[in-house]
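Right, one structure below, let's go through it.
In the numbering used here, the protein residues as written are 1 to 246.
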């Protein structure tokens with residue numbers, strides 16, 4: 001059973017927390033995914049076997065948490081992450097962010113560096129609302145979004161279309177991390193599949209180049225896609241976490 005956290009702004013955030021030694025691990029999921037995903041559950045089981053504290057949660061509008069997905073934006077979800085980390089963890093945490101969770105973990109590191117021991121980005125997708133959606137929209141799509149406040153896009157990951165809102169795009173511009181100096185306390189490891197169709201290796205290289213700090217590495221895994229959930233990928237994630245926590 002999950003537990004619920006009520007945040008200062010009244011949202012209900014569903015979470016699973018495992019007690020254990022610190023630094024703990026916090027998993028931050030992707031856009032429209034939830035805390036029941038393969039990577040989140042695998043990492044929780046691994047952390048439990050290691051006796052290490054672990055937290056996974058659903059952003060508002062995702063999974064078991066309150067609010068509608070279409071009402072949310074990057075700033076809301078980053079705030080949810082900060083509220084969850086502030087209330088449910090102690091001391092510095094190793095953030096493991098998948099896709100959008102990679103962007104959100106960078107925002108967390110920027111806002112509360114004292115709570116971050118290091119960061120693992122899995123197919124991290126910083127600034128995707130601007131560099132992915134907005135920059136690739138046609139003039140017609142942009143006009144529809146501005147006129148209707150939303151546009152529906154087909155998704156290869158679910159039967160329902162993705163609803164991209166004007167608020168998501170406009171708020172995203174206030175959350176961009178690749179346009180100004182960016183550093184993360186502690187080591188950073190970026191993991192990226194070469195066959196990822198949602199986040200290109202160019203994005204991974206751009207983030208690698210942009211991040212300040214001495215201990216930043218990118219690992220490209222040939223043949224892996226955006227899900228990055230094969231047994232070999234899951235093993236790589238836990239080995240990477242183990243090395244950073246050693």
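We treat Cβ as the ideally placed atom computed from N, Cα and C, and that holds for glycine.
CA nearest to the CA of residue 68, picked from 169, 30, 11 and 42: Taking the chain shown and counting its residues from 1, the one referred to as residue 68 is at position 68. Of the listed residues, the one whose Cα sits closest to residue 68 is 11.
Check whether the region 218–230 touches the region 177–191, taking contact to mean three or more Cβ pairs, one atom from each stretch, closer than 8 Å. yes
Applying the criterion that 16 or more other CB atoms from any shown protein chain within 10 Å of the CB defines a buried residue, is residue 232 buried or exposed? By 1-based counting over the chain shown, the position of residue 232 is 232. It counts as exposed.
Can you confirm whether the region 33–51 touches the region 72–85 when touching is taken to mean that 3 or more C-beta pairs between the two stretches lie within less than 8 Å? no
Taking the straight line between their C-alpha atoms, what separation do you get for residue 234 and residue 30? Counting from 1 along the chain shown, the entry for residue 234 is found at position 234. Counting from 1 along the chain shown, the entry for residue 30 is found at position 30. Approximately 16 Å between the Cα atoms of the pair.
Output yes or no for whether 7 Å exceeds the beta carbon distance between residue 51 and residue 20. In the chain shown, residue 51 corresponds to position 51, counting from 1. In the chain shown, residue 20 corresponds to position 20, counting from 1. Cβ distance < 7 Å, so residue 51 and residue 20 count as in contact.
DSSP three-state call for residue 138: helix, strand or coil? Start at 1 with the first residue of the chain shown, and residue 138 comes out as number 138. Three-state result, residue 138: coil.
Give the straight-line distance between the Cα atoms of residue 168 and residue 147, rounded to the nearest whole angstrom. As a working mapping, residue 168 is identified with position 168 in the chain shown. As a working mapping, residue 147 is identified with position 147 in the chain shown. Each residue's Cα considered, the two are about 15 Å apart.
Note down the Cα distance separating residue 241 from residue 133, rounded to an integer number of angstroms. On the chain shown, position 241 is the one that residue 241 refers to. On the chain shown, position 133 is the one that residue 133 refers to. Those two C-alpha atoms are separated by around 31 Å.
Three-way DSSP call (helix, strand, coil) for residue 60 in this model: If you number the chain shown from 1, residue 60 lands on position 60. Correct three-state label for residue 60: coil.
Per the contact definition of three or more C-beta pairs closer than 8 Å, is the region 170–179 in contact with the region 115–130? yes
With distances taken between CB atoms, is the gap from residue 143 to residue 65 smaller than 7 Å? Translated into positions along the chain shown, residue 143 becomes position 143. Translated into positions along the chain shown, residue 65 becomes position 65. Against a cut-off of 7 Å, the Cβ pair of residue 65 and residue 143 comes out as no contact.
Whole beta strand (DSSP E) elements within the region 41–86, 3-residue minimum: 52–57
How would you call residue 44, buried or exposed, if buried means at least 16 neighbouring beta carbons within 10 angstroms? Translated into the one-based positions of the chain shown, residue 44 becomes position 44. Buried is the call here.
I'd like to confirm the pairing. Which residues does DSSP put opposite residue 152 in its beta bridges? Position 152 of the chain shown, counting from 1, holds the residue named residue 152. DSSP output for residue 152 lists 163 as bridge partner(s).
Span of the alpha helix (DSSP H), counted from its first residue to its last, around residue 108: Here residue 108 refers to the residue found at position 108 when the chain shown is read from its first residue. Where residue 108 is concerned, the enclosing alpha helix (DSSP H) stretches over 100–111.
Excluding the five sequence neighbours on either side, which residues of its own chain have a C-beta within less than 8 Å of the C-beta of residue 8, listed in chain order? Here residue 8 refers to the residue found at position 8 when the chain shown is read from its first residue. Cβ neighbours of residue 8 beyond the five flanking positions: 83.
Does residue 23 pass the burial test, meaning 16 or more other C-beta atoms within 10 Å, or should it be called exposed? Indexing the chain shown from 1 puts residue 23 at position 23. Buried, by the Cβ-count rule.
Going by the beta-carbon positions, is the gap between residue 244 and residue 185 smaller than 7 Å? Position 244 of the chain shown, counted from the first residue, corresponds to residue 244. Position 185 of the chain shown, counted from the first residue, corresponds to residue 185. No, the Cβ-Cβ distance between residue 244 and residue 185 is not below 7 Å.
When the Cα atoms are used, what is the spatial distance from residue 57 to residue 107? Residue 57 sits at position 57 when you count from the first residue of the chain shown. Residue 107 sits at position 107 when you count from the first residue of the chain shown. Their backbone Cα atoms lie some 17 Å apart in a straight line.
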